[in-house]
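Protein chains: 4
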Amino acid sequence: MNTAKIKVRFYETDMAGIVHHSNHIRWFEMGRVEYLRQAGVCVNALTKAGIMTPIISVECVYKTAARFDDDLILETKLDKISRVRVSFSFRIIRECDSAIIAEGRTENAFADTKTYRVKRLPVDYYERLKEIKEKEGE
Amino acid sequence: MNTAKIKVRFYETDMAGIVHHSNHIRWFEMGRVEYLRQAGVCVNALTKAGIMTPIISVECVYKTAARFDDDLILETKLDKISRVRVSFSFRIIRECDSAIIAEGRTENAFADTKTYRVKRLPVDYYERLKEIKEKEGE
Amino acid sequence: MNTAKIKVRFYETDMAGIVHHSNHIRWFEMGRVEYLRQAGVCVNALTKAGIMTPIISVECVYKTAARFDDDLILETKLDKISRVRVSFSFRIIRECDSAIIAEGRTENAFADTKTYRVKRLPVDYYERLKEIKEKEGE
Amino acid sequence: MNTAKIKVRFYETDMAGIVHHSNHIRWFEMGRVEYLRQAGVCVNALTKAGIMTPIISVECVYKTAARFDDDLILETKLDKISRVRVSFSFRIIRECDSAIIAEGRTENAFADTKTYRVKRLPVDYYERLKEIKEKEGE
Chain S
0 MNTAKIKVRF YETDMAGIVH HSNHIRWFEM GRVEYLRQAG VCVNALTKAG IMTPIISVEC
60 VYKTAARFDD DLILETKLDK ISRVRVSFSF RIIRECDSAI IAEGRTENAF ADTKTYRVKR
120 LPVDYYERLK EIKEKEGE
Chain R
0 MNTAKIKVRF YETDMAGIVH HSNHIRWFEM GRVEYLRQAG VCVNALTKAG IMTPIISVEC
60 VYKTAARFDD DLILETKLDK ISRVRVSFSF RIIRECDSAI IAEGRTENAF ADTKTYRVKR
120 LPVDYYERLK EIKEKEGE
Chain C
0 MNTAKIKVRF YETDMAGIVH HSNHIRWFEM GRVEYLRQAG VCVNALTKAG IMTPIISVEC
60 VYKTAARFDD DLILETKLDK ISRVRVSFSF RIIRECDSAI IAEGRTENAF ADTKTYRVKR
120 LPVDYYERLK EIKEKEGE
Chain G
0 MNTAKIKVRF YETDMAGIVH HSNHIRWFEM GRVEYLRQAG VCVNALTKAG IMTPIISVEC
60 VYKTAARFDD DLILETKLDK ISRVRVSFSF RIIRECDSAI IAEGRTENAF ADTKTYRVKR
120 LPVDYYERLK EIKEKEGE
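Chains S, R, C and G are the protein sequences, given in the same order.
Each residue of the first sequence is one higher than the one before, counting from 0 in numbering that gives the first Met the number 0.
Each residue of the second sequence is one higher than the one before, counting from 0 in numbering that gives the first Met the number 0.
Each residue of the third sequence is one higher than the one before, counting from 0 in numbering that gives the first Met the number 0.
Each residue of the fourth sequence is one higher than the one before, counting from 0 in numbering that gives the first Met the number 0.
Following this line, the structure appears as structure tokens:
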């Protein structure tokens, strides 16, 4: 599991006085980037290898509103990995009171940066991610 | 059903050359606003009545990438309405080739703009939305 | 001069209850895109010709706060055009009361989409834009 | 001077492969928030005291494109402070090669969160900021 810190920025709020719900989806992306980095898979290296990771689906359940200047913890877990798809699940928690802000899931494909067609993840990356997932138990 | 037009803006794209997936979630919000307006329920009037509509859940399945300058059609349908919650479903279609860009669903609560606690939707708004939903069959 | 309409979106507001000031900069970009389109210079065609238009400078003076659901008019004027740079000026007006929301200026360069180095605007595009500017008088 | 670190997020890029220029304006805001915090003036405390800080003007000169995953340093300096207005200047530098990404300036007013009219900054906050500015020499 990767754990990242997020400090809510002013521009992430809306006129209801809380964080706009599209930001949680953006934070999930940050969680994926950090999870992959920690696993030795840099998104920039993937891009150089001609691989992009188009989103296939997003789900988010919002539990508590986040607010400007909140310190949040973003937990990212690899759920499923194949050579053509990867799923992550996420939990966002407010640091000060441990309130659960949101929980979600995303699925991404591996595709060619030029043709946008499916492109299989190189074996070494795949093995590395699979191994990490297995070590984490479930 | 409400149908709205969206022209993809340059800043909505990302370095993969396609629309960033957080924008679809923002477009869904625009669909809700327009659906409610067409039903005679202006979001600004709701706000003046002390009612906000915090998001409870979002789901989106991405079918085809949208690109800068694409003309999109956003279809918004009311799925369920009670005095404390409302669900909408959405479909985004590209105008030129009828490609389905994405499909999704959202659930919102009705809450007090000051206390952020549940606040029942006034009966007249509720009746109006219920009636529209029933007329649409489905 | 190009005149475009903008309806303020909910997600463009912030917790101060007004439109976040970064959106005006994004709207200026929309004005540039529409001005160029009206002049027969599509941004997508520029991109296909290997030309991008990196921003060099932005200035914006904010006069009145814009709010959710406001109908705005965005006026875009070509100030200066050479084969390596283009300047636009902008005015944003609220439709209902003619309040001036903001005024600004931007400068963009023409650059190669791959090398990011200066790339001269093709003569036909340049002539077209220069002619339009001259017809507008000043 | 306040120095903050920024890691460029994927969603901050656009289809030109670089950071969209509206993000620099958002980063400037983060710089203001951090400068004020370091000076003992929390934006949330200001808000509770009924004070908001509407933007009056923004200027930004873009020197080098920032890219996804770049580590940036944001320098924020208080330029001028009165009881009704505050000006800051900013510099964004890429950590790895010290390239200057952008330089800018902003001016904000102090206003009442409810009436949006000018509201003088409380004397204690004003004195604190003035003192810090004076200590910094220029």
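We put the CB at the ideal spot given by N, CA and C, even for glycine.
Kindly give me the distance between the Cβ atoms of C:TYR61 and G:SER81, rounded to whole angstroms, as I take these residues to be in contact under 8 Å. Mapped onto the third sequence, residue 61 of chain C falls at position 62. Mapped onto the fourth sequence, residue 81 of chain G falls at position 82. With 8 Å as the limit, C:TYR61 and G:SER81 do not qualify as a contact, their Cβ atoms being about 18 Å apart.
Which full runs of the alpha helix (DSSP H) of 4+ residues lie inside the region 32-70 of chain C, going along the chain? 42-47
CA nearest to the CA of S:ASP70, picked from S:ILE99, S:ASP78, S:GLU58 and S:HIS20: For the purposes of this step, residue 70 of chain S is taken as the residue at position 71 of the first sequence. For the residues S:ILE99, S:ASP78, S:GLU58 and S:HIS20, the minimum Cα distance to S:ASP70 belongs to S:ILE99.
Is there a C-beta anywhere in chain C that falls below 8 Å from the one on G:MET51? Translated into positions along the fourth sequence, residue 51 of chain G becomes position 52. Chain C contact via Cβ: present.
Which residues, in chain order, does the region 0-23 of chain C contribute to contact with chain S at a C-beta distance below 7 Å? PHE9, TYR10, THR12, ASP13, MET14, GLY16, HIS19 and SER21
Taking C:ILE131 as the reference, which of C:GLU94, C:VAL32, C:GLN37 and C:ASP13 has the closest Cα? Sequence index remark: in the third sequence, residue 131 of chain C carries index 132 (1-based). With distances taken between Cα atoms, C:ILE131 lies closest to C:GLN37.
Less than 8 Å between CB atoms is the rule here; does S:ARG67 satisfy it with respect to chain C? Against the first sequence, residue 67 of chain S aligns to sequence position 68. Before going further, note that residue 67 of chain S is Phe rather than Arg in the sequence given. Chain C, which has a Cβ nearer than 8 Å to the Cβ of S:PHE67, makes this yes.
State yes or no: is the beta carbon of C:ARG25 nearer than 8 Å to at least one beta carbon in chain R? Taking the first residue of the third sequence as 1, we reach residue 25 of chain C at position 26. Yes, contact with chain R.
Closer than 8 Å by beta-carbon distance: list the chain R residues that pair up with S:TYR34, in chain order. Taking the first sequence and counting its residues from 1, one reaches residue 34 of chain S at position 35. Neighbours of S:TYR34 on chain R: none; closest Cβ ~17 Å, over 8 Å.
So for G:THR111, helix, strand or coil by DSSP? For the purposes of this step, residue 111 of chain G is taken as the residue at position 112 of the fourth sequence. For clarity, residue 111 of chain G is Asp in the given sequence; the question names Thr instead. Three-state result, G:ASP111: strand.
Taking any Cβ of chain C, which residues in the region 37-62 of chain R have a Cβ under 9 Å from it, in chain order? CYS41, VAL42, ASN43 and THR46
Out of S:LEU45, S:ASN1 and S:TYR34, state which residue places its alpha-carbon closest to the alpha-carbon of S:ASP123. On the first sequence, position 124 is the one that residue 123 of chain S refers to. Nearest option by C-alpha distance: S:LEU45.
Counting only beta-carbon atoms, is G:GLU94 nearer than 8 Å to chain S? Counting from 1 along the fourth sequence, the entry for residue 94 of chain G is found at position 95. Judged by the 8 Å Cβ criterion, G:GLU94 is not in contact with chain S.
Distance check for S:ILE5 and S:GLU102, CA to CA, integer angstroms please. What you label residue 102 of chain S is simply residue 103 of the first sequence in a count that begins at 1. What you label residue 5 of chain S is simply residue 6 of the first sequence in a count that begins at 1. When rounded, the distance between both Cα atoms is 15 Å.
Less than 8 Å separating the beta-carbons of G:ARG90 and G:GLU106? Position 91 of the fourth sequence, counted from the first residue, corresponds to residue 90 of chain G. Position 107 of the fourth sequence, counted from the first residue, corresponds to residue 106 of chain G. Not closer than 8 Å, so no.
When C:ARG8, C:CYS59, C:LYS118 and C:LYS76 are compared against C:GLU133, the one with the closest alpha-carbon: Position 134 of the third sequence holds residue 133 of chain C. If we check each option's Cα against that of C:GLU133, C:LYS76 comes out closest.
Is the beta carbon of S:VAL83 closer than 8 Å to that of S:ARG119? Residue 119 of chain S sits at position 120 when you count from the first residue of the first sequence. Residue 83 of chain S sits at position 84 when you count from the first residue of the first sequence. Contact flag set, yes.
Can you give the beta carbon distance from R:PHE9 to C:GLU11, rounded, assuming they're within the 8 Å contact cut? Numbered from its first residue, the second sequence carries residue 9 of chain R at position 10. Numbered from its first residue, the third sequence carries residue 11 of chain C at position 12. Actually they do not touch by this definition, with Cβ atoms about 16 Å apart.
Would you report the Cα separation of G:HIS23 and C:THR112, rounded to the nearest angstrom? Here the question's residue 23 of chain G lines up with position 24 in the fourth sequence. Here the question's residue 112 of chain C lines up with position 113 in the third sequence. Going from the Cα of G:HIS23 to the Cα of C:THR112 covers about 21 Å.
Under DSSP, the alpha helix (DSSP H) around C:LYS129 begins and ends at which residues? If you number the third sequence from 1, residue 129 of chain C lands on position 130. 122-134 is the span of the alpha helix (DSSP H), which, as asked, contains C:LYS129.
Can you tell me whether DSSP reads C:GLY103 as helix, strand or coil? Counted from its first residue, the third sequence places residue 103 of chain C at position 104. DSSP places C:GLY103 in strand when its eight states are reduced to three.
Residues that R:ALA64 contacts on chain S, provided the C-beta gap is smaller than 9 Å: For the purposes of this step, residue 64 of chain R is taken as residue 65 along the second sequence, with counting starting at 1. The contacting residues are PRO53 and TYR115.
Shortest alpha-carbon distance to S:ARG31 belongs to which of G:ASP68, G:TYR115 and G:MET0? Taking the first sequence and counting its residues from 1, the one referred to as residue 31 of chain S is at position 32. Nearest of G:ASP68, G:TYR115 and G:MET0 to S:ARG31, Cα basis: G:ASP68.
Expected contact under 8 Å - CB spacing of G:ARG104 and G:GLU33 to nearest Å: Locating residue 104 of chain G in the fourth sequence gives position 105, counting from the first residue. Locating residue 33 of chain G in the fourth sequence gives position 34, counting from the first residue. Contact flag wrong, Cβ pair sits at about 17 Å.
Run down chain G in chain order and give the residues with a C-beta less than 9 Å from the C-beta of S:GLU28. The sequence position of residue 28 of chain S within the first sequence is 29, counting from 1. Ordered by position in chain G, the residues that pass the 9 Å Cβ test against S:GLU28 are ARG8, PHE9 and TYR10.
In the structure shown, what three-state DSSP assignment does G:ARG25 receive? Reading the fourth sequence from its first residue, position 26 is the one you call residue 25 of chain G. Looking at G:ARG25 - three-state DSSP - the assignment turns out to be helix.
Quick check on R:GLU11: does DSSP put it in helix, strand or coil? For this step, residue 11 of chain R is matched to residue 12 along the second sequence. Correct three-state label for R:GLU11: helix.
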